[in-house]
Structures are given as C-alpha cells and as structure tokens.
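Per the UniProt record's numbering, the sequence shown starts with residue 1, numbered consecutively.
Where a beta carbon is used, it is the ideal one built from N, C-alpha and C, also for glycine.
Bear in mind the structure is a predicted one, so any value in this text is a computation, not a measurement.
Report on the structure given below.
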Amino acid sequence: MNSVQAVAKSYQLFNPKAYLQNNYVPPRADFSSEQSVMCWKLRCLHEACAKGEIKGHTVLDIGSGPTIYQLLSVFENFDEVIMTDFLEVNREELRKWLKNEPDTFDWSPYFKHVCKLEGKGESWQNKEKHFRERVTRVIPSDIHQPCPLGKEFASGSVDCLVSSFCLEACSPDLEAFQKALENIVGLLNPLGHFLWIGALEESYYLAGEAKLTVVPVTEEMVKAALGKAKCVIREFRTYSMTPAMKVGVDDVSGIFFVWAQKRDNK
Ligand SMILES: C[S@@+](CC[C@H](N)C(=O)[O-])C[C@H]1O[C@@H](n2cnc3c(N)ncnc32)[C@H](O)[C@@H]1O
1 MNSVQAVAKS
11 YQLFNPKAYL
21 QNNYVPPRAD
31 FSSEQSVMCW
41 KLRCLHEACA
51 KGEIKGHTVL
61 DIGSGPTIYQ
71 LLSVFENFDE
81 VIMTDFLEVN
91 REELRKWLKN
101 EPDTFDWSPY
111 FKHVCKLEGK
121 GESWQNKEKH
131 FRERVTRVIP
141 SDIHQPCPLG
151 KEFASGSVDC
161 LVSSFCLEAC
171 SPDLEAFQKA
181 LENIVGLLNP
191 LGHFLWIGAL
201 EESYYLAGEA
211 KLTVVPVTEE
221 MVKAALGKAK
231 CVIREFRTYS
241 MTPAMKVGVD
251 DVSGIFFVWA
261 QKRDNK
C-alpha cells in the first residue's frame with residue numbers, strides 16, 4: 001500500500017458527527033467572543049468577499065467534509081455552488097442538512113453571525129434558504145488525482161475554489177501536499193480565485209475513532225507552495241491558537257487564511 005492509500009484507509013474511520021462536535025461548537029465556535037477561532041475565520045472570508053472581486057458562475061469547495069461555514073460569505077456571488085468530499089459519510093451528512101432532515105448539525109448560529117458581519121439586514125433564515133437552493137451538487141473528490149473531480153470538470157473550468165483543512169490533513173507528506181495543490185488549482189480558470197484555510201504546524205487530529213495524520217506546514221511553506229502552483233497571494237493572514245482554543249482534539253498551533261488568484265497564463 002502506498003502512503004496515499006494509507007491516508008485513504010485512515011479516513012475510513014472518520015466520524016462526521018464527532019468531527020463537528022470537536023471543532024464547530026464552543027469554545028472554538030463561540031460567537032459571543034471575537035477571540036474565538038471561528039469568528040476569525042468567518043471575518044477573513046467576509047472581508048475578502050466584501051471587496052466584490054470574487055464572483056462568477058461556479059464556486060467549488062474541495063474536501064467539504066460535513067461543514068458549510070466556509071461558503072457562507074462567498075456563495076451568493078456565484079450561480080452554482082458545488083460541494084465535494086472523498087467520503088460518502090460526509091457527502092451524506094451534507095445532503096441531509098441540505099434537505100433539512102432531522103438530526104443534522106445546527107448551522108443557524110453561523111448564518112446569524114455572517115448576516116451580522118454583512119450588515120445588510122438580511123434574515124438568517126433567508127440566507128439559509130438561499131444557501132440550500134444554491135448548492136446544486138455534492139460530489140466525490142480526490143485531491144491526489146490529476147483531475148480531482150473526474151473528467152467532467154476540465155482544467156480551467158471553475159471561477160473560484162474554496163478549501164478548508166483538507167490538503168494538509170489528507171496528504172502523506174509535503175510532496176503529495178504540493179501535488180494536491182497543483183491538482184486543484186488546475187481546475188481554476190486563469191485569474192480564478194482561491195480561498196484557502198488550513199492548519200499550521202499540526203501533526204494529527206481526531207474524529208471519533210479515527211486519528212488522522214497531518215503534514216505540519218508553516219506560513220513560509222504554504223506561501224512557497226502557492227508560488228510553485230502559479231498562484232499570486234492577494235492576502236495572507238494567520239491566527240495563533242490561544243489556550244482556550246486547545247481542546248485536546250488535535251495539536252494545531254495556528255491557522256492560515258489565504259486569498260490567492262491563479263496567474264494569467266498570457
Ligand atoms: C479536516 S476535514 C476538513 C473538513 C471541512 N472542510 C472543514 O473545514 O472542517 C478533511 C476532509 O478531507 C476529506 N478528504 C480525505 N481525503 C481526501 C482526498 N483524497 N480528497 C479530497 N478530500 C479528502 C475528508 O473526508 C474530510 O472531510
């Protein structure tokens with residue numbers, strides 16, 4: 001078994017509900033505290049999207065997992081939102097939430113917070129309804145394939161990519177991380193936008209019975225990887241995990257947020 005296959009095997013134990021409980025409730029998602037890591041992530045995404053440049057026909061989320069927060073500021077600027085993941089359990093969790101089925105995660109505090117950031121007076125219920133309508137597909141992806149979504153998505157066919165905590169958490173080493181980045185950037189059209197959030201200097205995280213190995217990356221490594229993948233960095237921000245954010249489910253030391261743009265090949 002090669003190391004990419006070994007990572008894939010370790011994901012067979014990934015538990016979406018445990019993962020959500022570890023990361024997407026207080027203290028990590030405490031909307032009463034601006035210091036909470038979730039407020040920071042949502043603020044970064046909101047401020048980049050509020051500039052008005054990130055728009056187009058299709059936005060694609062790579063390695064969505066069971067989460068939707070990463071799309072809340074960007075989705076209204078696109079006609080079609082496509083969510084993707086390697087695991088059927090995660091795709092199923094998303095589909096159930098999109099269909100408003102019972103026993104799914106409560107994302108309403110996230111919608112309320114993003115509506116507050118936008119300050120347009122839109123109700124969170126309205127935004128939630130629009131989100132459910134705008135996501136047209138939840139499909140398989142594999143960042144280690146040259147065509148991560150299969151042949152249907154030709155290279156250069158997507159206007160915007162979003163990805164959060166996927167590449168470093170699903171690659172066996174730095175070489176595979178770089179290749180995976182180039183594979184997904186290949187989907188973007190020239191000058192297409194990339195909103196990327198990831199873990200800094202993390203070596204593992206937990207999701208129920210699963211203990212997933214992570215490639216520890218630094219800010220410099222992420223910036224160099226983007227340069228090699230022919231992306232120009234528009235904005236790069238970091239967050240240091242405070243003691244209150246260390247809850248025993250991983251050893252992450254910080255988070256990066258990048259807004260990048262694929263170089264024009266002219
Ligand atoms: C740490 S979770 C991130 C989930 C979510 N994006 C978030 O922000 O919390 C990593 C995700 O990558 C997915 N994954 C694992 N291997 C993958 C692969 N080869 N290609 C694409 N996604 C993969 C996992 O199923 C999991 O949902």
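Discussion item. Between Tyr11 and ligand 1, is there a pair consisting of the residue's CB and a ligand heavy atom that are separated by less than 6 Å?
Written reply: In the sequence shown, the residue the question calls residue 11 occupies position 11. Answer for Tyr11: yes, Cβ within range of ligand 1.
Worksheet item: In three-state DSSP terms, what is Leu184?
Response: Working through the sequence shown from its first residue, we reach residue 184 at position 184. Rather than Leu, the amino acid found at residue 184 in this sequence is Ile. If DSSP states are grouped into helix, strand and coil, Ile184 belongs with the helices.
Worksheet item: So, helix, strand or coil for Ser3, using DSSP?
Response: As a working note, residue 3 is residue 3 in the sequence shown. Note: Ser3 maps to helix in three-state DSSP.
Worksheet entry | Beta-carbon gap between Tyr19 and Ala207 smaller than 7 Å | As a first step, residue 19 is located in the sequence shown; it is residue number 19 there, counting from the start. As a first step, residue 207 is located in the sequence shown; it is residue number 207 there, counting from the start. Yes.
Worksheet item: Is Cys166 near ligand 1, in the sense that its beta carbon is under 6 Å from a heavy atom of that ligand?
Response: Here residue 166 is taken as the residue at index 166 of the sequence shown, counted from 1. With a cutoff of 6 Å, Cys166 counts as near ligand 1, since its C-beta is closer than that to a heavy atom of the ligand.
Worksheet item: Buried or exposed: which applies to Arg91, given that a residue is buried once 16 or more other Cβ atoms fall within 10 Å of its Cβ?
Response: Here residue 91 refers to the residue found at position 91 of the sequence shown. Buried: at least 16 other Cβ atoms inside 10 Å.
Fill in: Val162 burial status per 10 Å Cβ neighbour count (16 or more: buried)
By one-based count along the sequence shown, residue 162 stands at place 162. By the neighbour-count rule (16 or more Cβ atoms within 10 Å), Val162 is buried.
Fill in: Identity of the residue in Val37, Phe131, Asp159, Gly121 nearest Leu98 by Cα
Position 98 of the sequence shown, counted from the first residue, corresponds to residue 98. Cα-wise, what sits closest to Leu98 is Phe131.
Worksheet item: For the putative contact between His144 and Ala169, defined by C-beta atoms under 8 Å, what is the C-beta separation to the nearest angstrom?
Response: If you number the sequence shown from 1, residue 144 lands on position 144. If you number the sequence shown from 1, residue 169 lands on position 169. The Cβ separation is near 13 Å, so there is no contact.
Discussion item. Closer than 6 Å to a non-hydrogen atom of ligand 1 - does that hold for the CB of residue 290?
Written reply: This structure leaves residue 290 out entirely; the chain is present only between 1 and 266.
Worksheet item: Heavy atom of ligand 1 less than 6 Å from the Cβ of Ala169, yes or no?
Response: By 1-based counting over the sequence shown, the position of residue 169 is 169. Checking every heavy atom of ligand 1 against the Cβ of Ala169, one is found closer than 6 Å.
Item to complete: Within the stretch 207-251, note down every full beta strand (DSSP E) run reaching 3 residues or more, in order along the chain.
Response: 210-213, 231-240
Worksheet item: Which two residues bound the contiguous alpha helix (DSSP H) that contains Phe131?
Response: Working through the sequence shown from its first residue, we reach residue 131 at position 131. Start and end: 124-134.
Practice prompt. Compare the beta carbon distance of Lys96 and Thr104 with 7 Å and say whether it is the shorter of the two.
Written response: Counting from 1 along the sequence shown, the entry for residue 96 is found at position 96. Counting from 1 along the sequence shown, the entry for residue 104 is found at position 104. It is a contact, given that the beta carbons lie within the stated cut-off.
Item to complete: Assign Asp79 to one of two classes, buried (16 or more other C-beta atoms within 10 Å of its C-beta) or exposed (fewer than that).
Response: For this step, residue 79 is matched to residue 79 along the sequence shown. That one is exposed.
Worksheet entry | N- and C-terminal bounds of the alpha helix (DSSP H) containing Ser108 | One-based indexing of the sequence shown puts residue 108 at position 108. Where Ser108 is concerned, the enclosing alpha helix (DSSP H) stretches over 108-118.
Worksheet item: ligand 1 heavy atoms versus the CB of Phe86: any closer than 6 Å?
Response: Sequence index remark: in the sequence shown, residue 86 carries index 86 (1-based). For ligand 1, at least one heavy atom lies less than 6 Å from the Cβ of Phe86.
Worksheet item: Which partner residues of Ala260 appear in the DSSP bridge assignment?
Response: The residue labelled residue 260 in the question sits at position 260 within the sequence shown. In DSSP, Ala260 forms a bridge with Phe194, Ile233.
Item to complete: Could you check the C-alpha separation between Ala154 and Pro243 for me, to the nearest Å?
Response: As a position in the sequence shown, residue 154 is number 154, starting the count at 1. As a position in the sequence shown, residue 243 is number 243, starting the count at 1. If I take the Cα positions, the gap works out to 44 Å.
Worksheet item: For Leu22, does the three-state DSSP call read helix, strand or coil?
Response: Residue 22 sits at position 22 when you count from the first residue of the sequence shown. It is Asn, not Leu, that sits at residue 22 in the sequence shown. Helix at Asn22.
Discussion item. Within the continuous alpha helix (DSSP H) that includes Leu42, where are the two ends?
Written reply: On the sequence shown, residue 42 is found 42 positions in, with the first residue counted as 1. Run containing Leu42: 37-50, per the alpha helix (DSSP H) assignment.
Practice prompt. Could you check which residue in Glu152, Gly227, Asn77 has the C-alpha nearest to that of Leu45?
Written response: Working through the sequence shown from its first residue, we reach residue 45 at position 45. Ranked by how close their Cα comes to the Cα of Leu45, the residues Glu152, Gly227, Asn77 have Asn77 in first place.
Worksheet item: Taking DSSP as the reference, what is the three-state secondary structure of Pro140?
Response: The residue you call residue 140 lines up with position 140 of the sequence shown. Here Pro140 sits in strand by DSSP.
Practice prompt. Let me know the alpha helix (DSSP H) ranges lying completely inside the stretch 73-105, each 4 residues or longer, listed in chain order.
Written response: 88-98
Worksheet item: What's the C-alpha gap between Gly192 and Leu87?
Response: The residue you call residue 192 lines up with position 192 of the sequence shown. The residue you call residue 87 lines up with position 87 of the sequence shown. So the alpha carbons of these two residues sit roughly 26 Å apart.
Practice prompt. Going by CA-CA distance only, name the one from Ala6, Val252, Leu42 that's closest to Asn258.
Written response: Here residue 258 corresponds to residue number 258 of the sequence shown, with the count starting at 1. What sits at residue 258 in the sequence shown is Val, not Asn. Per the Cα distances, Leu42.
Worksheet item: When we look at the beta-carbon of Gly198 and count the other beta-carbons within 10 Å, is it buried (16 or more) or exposed?
Response: As a first step, residue 198 is located in the sequence shown; it is residue number 198 there, counting from the start. Looking at its Cβ environment, which holds 16 or more other Cβ atoms inside 10 Å, Gly198 is buried.
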